Structures are given as structure tokens and as C-alpha cells.
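As they're listed, the protein sequences go chains A and B. Start counting the first sequence at 13; every next residue gets the next number (our numbering). Start counting the second sequence at 13; every next residue gets the next number (our numbering). Even glycine gets a Cβ: it sits at the ideal position worked out from N, Cα and C. Bear in mind that the values here come from a model prediction, so they are computed numbers and not experimental data.
Number of protein chains: 2
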Amino acid sequence: MEMRKRILDAALHLFRERGYDGVSIRNIAEAIEYSPATIYLYYKDKSEIFFALQFEAAAVKRDHLLPVAGIESPWERLIEFGRRYIDFGMKHPDLYDLLFITRTPMESIENQECWKLGVASHSFFVETVQACVDARFFKSTDTETIAYTLWCHAHGLVSLFIRERMRMYPEEKREALAKKSFEMIVKMAECL
Amino acid sequence: MEMRKRILDAALHLFRERGYDGVSIRNIAEAIEYSPATIYLYYKDKSEIFFALQFEAAAVKRDHLLPVAGIESPWERLIEFGRRYIDFGMKHPDLYDLLFITRTPMESIENQECWKLGVASHSFFVETVQACVDARFFKSTDTETIAYTLWCHAHGLVSLFIRERMRMYPEEKREALAKKSFEMIVKMAECL
DNA sequence: CTATTTCACTAAACAGTGTTCAGTATATTT
DNA sequence: AAATATACTGAACACTGTTTAGTGAAATAG
């Protein structure tokens with residue numbers, strides 16, 4: 013299990029610098045000073061390395077969101093969840109990419125371990141929205157649509173940012189705009 | 013100019029089926045029954061084919077949004093813009109992907125023709141929001157943040173859909189959920 | 001009508017990719 | 001000492017984007 017870890021460490025490091033497509037099995041092999049063929053003794057193919065990293069990304073995200081669970085007020089919990097979700101995306105663009113943007117063999121992902129972590133996180137999010145609904149925080153009682161709408165905003169915000177679709181805004185203003193937008197959606201949710 | 017068109021037609025057709033990375037210059041050459049080297053007489057490299065297609069995508073999007081310009085009421089115009097933006101993304105996932113998700117050599121995109129179309133569309137969107145602000149439609153007067161927030165939601169909605177991040181919702185419910193979310197963000201904007 | 005230049009195109013190569021497989025050298029077990 | 005298992009690799013296969021030297025046909029010039 014020592015070798016698997018060394019491969020993942022090298023792969024994550026390289027992916028961070030050059031992106032998934034920018035890194036070859038040969039690059040990873042070179043980084044750990046083994047032959048390319050050795051990689052295949054530990055991972056079936058490149059996509060399996062990807063899934064293993066996606067699992068790690070999901071774990072990092074889980075840890076990033078963990079403190080949220082301790083907040084008692086559903087509304088405060090929801091806000092902090094959103095804030096930290098976005099913060100995770102901004103701080104770990106490659107991990108966020110891996111989890112929510114990159115094209116992957118999605119047909120098989122339900123069987124992967126990383127899927128469980130994702131589902132758990134999403135369930136926690138929906139439950140928090142449900143708690144807000146139960147506390148009569150919103151006029152609307154459509155938990156599913158509320159949760160999905162808030163997720164759309166957060167995901168849109170992060171993915172426009174990390175896939176560089178904010179070129180029409182000067183670079184130094186982008187993060188501030190994202191922050192203001194988060195505050196705005198919170199205000200909008202208040203009268204939802 | 014006949015050959016350039018044939019290359020683009022073949023490329024777009026193939027990209028639609030197998031995605032950008034799934035198609036090689038050799039595949040395109042094969043499709044139009046020429047040698048791979050011939051492609052390079054008409055396009056500098058693969059990325060230039062990409063930019064040409066991105067331009068076409070931007071044109072399709074522009075045409076899709078064109079009817080919106082005729083709507084007098086700023087608020088109605090804004091709603092219809094959103095509706096049609098999302099509709100474009102759902103109907104042409106590969107074009108939307110090309111425009112707003114795919115990683116591209118973004119450093120040079122400002123010099124490309126497609127950038128102008130994108131900027132024009134975004135300006136029109138912001139101007140519509142500004143018209144709503146001028147008409148005292150919102151309490152907030154922060155046009156930039158309002159526009160960006162609405163865009164985040166729409167982009168998040170489309171990109172979660174077309175990059176298959178809605179697996180936790182049964183397939184037949186996804187589109188309905190998207191529709192309900194759009195209605196919800198409209199309601200949310202009303203009390204913005 | 002021949003000679004030259006231009007044009008549209010390609011075969012073949014270079015350096016890279018993911019992946020496989022036969023084979024080697026070392027360590028462990030019998 | 002012989003047999004087996006372990007850990008690894010060199011070399012190949014079929015692919016990729018891209019470049020270069022060169023072909024054969026058409027257009028132009030003398």
C-alpha cells in the first residue's frame with residue numbers, strides 16, 4: 013500500500029500543476045522514478061488513478077465542511093455550508109474541478125467509493141435546507157428546489173471562476189464580486 | 013473557403029458524438045477523406061479549429077437569444093433572456109460546453125473573433141439588468157452583482173445538468189427540477 | 001508548344017500518448 | 001540446491017498532434 017500512495021501523491025502534485033490531461037502515466041512514472049509499466053501493477057488504468065484522486069478530493073471537501081455540522085441554527089448552518097463550499101472551490105480549484113466539472117466515465121461512478129462521500133455531503137446539505145423549511149424559515153416548502161437552486165448558484169459561481177469565464181471583469185475585482193454575490197443570494201434566500 | 017467549411021462541419025459533427033478530446037485530427041481528415049496534413053493547410057492547429065467552432069457556437073447562441081431584444085419591458089426581457097440562455101444550454105450541450113466549460117487556451121481568447129460575440133451578449137445582458145434597476149424594479153441598485161448572481165445560477169443549472177452532476181435525481185425529474193429552479197430564482201429576484 | 005511556376009495535396013517521419021506482455025533479477029519457500 | 005513468488009522493466013503496439021520534403025496536376029510565361 014506504500015506504492016499506491018506514492019503514485020497518488022505524485023499524480024495529485026502533477027495534476028495540480030498541469031491539469032488532468034496535461035499529465036501522462038509516463039510523467040507520473042518519471043516522478044516516482046519507476047517505469048510506466050509499474051503504474052499498471054497498482055492501478056488498472058489512468059481512470060482508476062482519477063477515481064482514487066476523486067475520492068481524496070471528496071475527503072478534503074468533507075473535512076473542509078466538517079465544522080459546519082456543529083452549528084445549531086439551521087439557517088446559520090446553511091449559510092456557513094454555502095460559504096465553505098465556495099471557499100473549498102476557490103482554495104482547491106483542481107479538486108473542485110475533479111469533483112464537479114471534469115468529464116469522467118460517469119456510468120460507473122455510482123460503484124466508486126467517492127460517490128458515497130458525495131451523496132453523504134449532498135444529503136447533509138438537503139437536510140439542512142429541510143431543517144430551515146421545518147423552522148418555517150422560508151415561505152416556500154419545496155425543499156428539493158430550494159436546495160437545488162442554492163447549489164446552482166454556488167456551483168455556477170465557483171465554476172465560472174475556476175474555468176476562467178470571468179475575463180470581462182478585471183482580475184482583482186473577481187473575488188470581491190463573488191463575495192458580494194454570495195451575500196446577495198443569502199439576502200434573496202431570506203425572502204424566499 | 014469551401015474546404016474550411018467542410019473541415020468545420022466534420023469537426024462539429026464528430027465533437028457532438030465523441031467530445032473534443034475524443035476526436036483527433038486524423039478522425040476529421042478521415043471523415044472528409046483527406047490526409048491529416050491537409051487540415052494544417054487550412055487551420056494552424058487543433059485549437060484553431062476549436063476557436064472557429066466556438067465562434068459558430070457563439071453565433072448559434074446569439075441567434076437563439078435574438079428574439080429577446082424585441083421585448084420592451086426590461087423585466088420581461090430579463091426573464092426571457094434567462095429562459096432562452098438555459099434553453100440554449102439544454103438544447104446544445106456541446107456548444108454550451110465549448111463556450112462556458114471547456115478548458116481552452118484562454119490567454120489568447122481575447123484576440124479571437126468569438127470573444128467579441130461573447131462580450132456583446134454579456135453587455136446586452138448587463139444592460140437589461142441596468143434597465144430593470146433604472147425602472148426601480150429591484151431594491152438593490154448594484155447592477156453588476158445582480159447580473160453576475162443571476163448568471164451564476166443559470167450557468168450552474170446548465171453546467172450541473174450537462175456535466176452529469178445530477179445523478180442523485182432520477183433522470184426523468186431533472187428537467188422539471190431545472191424548470192422549477194428557474195421559476196424560483198425569478199421569484200427570488202423579484203424581491204431583490 | 002515547351003518551360004516554369006503555382007497550387008492542392010500527401011507519405012512519412014518525430015515525438016509524444018495509454019497500455020500490454022514477455023522477460024529479468026531478486027527474495028522467499030520447499 | 002531447486003522451485004516458486006515478488007517486484008519490476010524494455011520493448012513493443014496502436015494511437016495522438018504536428019512538420020517536412022516531395023508529388024503530380026493545373027495555370028502561366030516565354
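Can you list, in chain order, the residues of its chain whose CB lies under 8 Å from that of Leu204 of chain B, leaving out five sequence neighbours each side? As a position in the second sequence, residue 204 of chain B is number 192, starting the count at 1. Cβ neighbours of Leu204 of chain B beyond the five flanking positions: Phe150, Lys151, Ser152 and Ile158.
Counting only runs of 4+ residues fully inside the region 116 to 162 of chain A, write out the alpha helix (DSSP H) ranges in chain order. 125 to 146
Amino acids of chain A, ordered along the chain, whose beta-carbon sits closer than 8 Å to that of His104 of chain B: If you number the second sequence from 1, residue 104 of chain B lands on position 92. By Cβ distance, chain A contributes nothing, its closest Cβ being about 17 Å from His104 of chain B, past 8 Å.
Contact defined as beta carbons within less than 8 Å: I believe Gly168 of chain B pairs with His104 of chain A. What is the distance between those atoms, to the nearest angstrom? The sequence position of residue 168 of chain B within the second sequence is 156, counting from 1. The sequence position of residue 104 of chain A within the first sequence is 92, counting from 1. Not confirmed; about 18 Å, so no contact.
Got a sec: is the Cβ-Cβ distance from Cys126 of chain B to anything in chain A below 8 Å? Taking the first residue of the second sequence as position 1, residue 126 of chain B is located at position 114. Chain A contact via Cβ: absent.
Taking Cβ positions only, does Ala143 of chain B come closer than 8 Å to chain A? To locate residue 143 of chain B, count along the second sequence from 1; it is residue 131. Judged by the 8 Å Cβ criterion, Ala143 of chain B is not in contact with chain A.
What do you reckon, are the CB atoms on Ile61 of chain A and Pro48 of chain A nearer than 8 Å? Position 49 of the first sequence, counting from 1, holds the residue named residue 61 of chain A. Position 36 of the first sequence, counting from 1, holds the residue named residue 48 of chain A. No. Outside cutoff.
Going by DSSP, what residue range makes up the alpha helix (DSSP H) through Leu78 of chain B? In the second sequence, counting from the first residue as 1, residue 78 of chain B sits at position 66. Unbroken run through Leu78 of chain B: none, as it is neither H nor E.
Let's see if you can read the secondary structure: which residues bound the alpha helix (DSSP H) around His25 of chain B? Here residue 25 of chain B refers to the residue found at position 13 of the second sequence. That run of the alpha helix (DSSP H) goes Glu14 to Arg30.
Proximity test, Cβ basis, 8 Å: Thr157 of chain B and chain A: If you number the second sequence from 1, residue 157 of chain B lands on position 145. Yes - at least one Cβ of chain A is within 8 Å of the one on Thr157 of chain B.
Tell me, please, whether the region 181 to 198 of chain B touches the region 173 to 187 of chain A by the rule of three or more beta-carbon pairs shorter than 8 Å. no
Given a cut-off of 8 Å on the beta-carbon distance, is the pair Phe194 of chain B and Arg74 of chain B in contact? Start at 1 with the first residue of the second sequence, and residue 194 of chain B comes out as number 182. Start at 1 with the first residue of the second sequence, and residue 74 of chain B comes out as number 62. Cβ distance not < 8 Å, so Phe194 of chain B and Arg74 of chain B don't count as in contact.
Proximal chain A residues relative to Val131 of chain B, where beta-carbon distance stays under 7 Å: In the second sequence, residue 131 of chain B corresponds to position 119, counting from 1. Residues of chain A passing the Cβ test: Met180.
Please go through the region 26 to 64 of chain B and give each complete beta strand (DSSP E) segment of 3 or more residues, from N-terminal end onward. none
What does the alpha-carbon distance come out to for the pair Ala71 of chain B and Leu129 of chain B? Position 59 of the second sequence holds residue 71 of chain B. Position 117 of the second sequence holds residue 129 of chain B. In a straight line, the C-alpha of Ala71 of chain B is about 7 Å away from that of Leu129 of chain B.
Bounding residues of the alpha helix (DSSP H) (the contiguous stretch that carries Arg179 of chain A): Against the first sequence, residue 179 of chain A aligns to sequence position 167. Element bounds for Arg179 of chain A: n/a, residue is neither H nor E.
Can you find the residues in the same chain that come closer than 6 Å, C-beta to C-beta, to Leu111 of chain A, ignoring five residues on each side of it along the sequence? Here residue 111 of chain A is taken as the residue at index 99 of the first sequence, counted from 1. Counting only Cβ-Cβ distances below 6 Å, and skipping sequence neighbours, we find Ala69.
I need the boundaries of the alpha helix (DSSP H) containing Ile98 of chain B, first residue and last residue. Sequence index remark: in the second sequence, residue 98 of chain B carries index 86 (1-based). Start and end: Pro86 to Lys103.
Exposed or buried, what is Leu78 of chain A when buried is set at 16 or more other beta-carbons lying within 10 Å of its beta-carbon? Start at 1 with the first residue of the first sequence, and residue 78 of chain A comes out as number 66. Label assigned to Leu78 of chain A: exposed.
Looking only at C-alpha atoms, which of A:Ala190, A:Asp154, A:Cys144 and A:Arg175 sits nearest to Glu88 of chain A? Taking the first residue of the first sequence as 1, we reach residue 88 of chain A at position 76. If we check each option's Cα against that of Glu88 of chain A, A:Cys144 comes out closest.
Taking the alpha carbon of Asp146 of chain A as the reference point, which residue from A:Ala190, A:Lys199, A:Pro86 and A:Tyr46 has its own alpha carbon closest? One-based indexing of the first sequence puts residue 146 of chain A at position 134. Closest option to Asp146 of chain A, Cα to Cα, is A:Pro86.
C-alpha gap between Lys199 of chain A and Arg16 of chain B, whole angstroms: Here residue 199 of chain A is taken as the residue at index 187 of the first sequence, counted from 1. Here residue 16 of chain B is taken as the residue at index 4 of the second sequence, counted from 1. Distance between the alpha carbons of Lys199 of chain A and Arg16 of chain B: 50 Å.
Compare the Cα-Cα distances from Leu172 of chain B to each of A:Thr140, A:Asp21, A:Arg175 and A:Ile113 and report the closest residue. Indexing the second sequence from 1 puts residue 172 of chain B at position 160. With distances taken between Cα atoms, Leu172 of chain B lies closest to A:Ile113.
Let me know the secondary structure DSSP gives Cys203 of chain A once reduced to three states. As a first step, residue 203 of chain A is located in the first sequence; it is residue number 191 there, counting from the start. Of the three classes helix, strand and coil, the one that applies to Cys203 of chain A here is coil, per DSSP.
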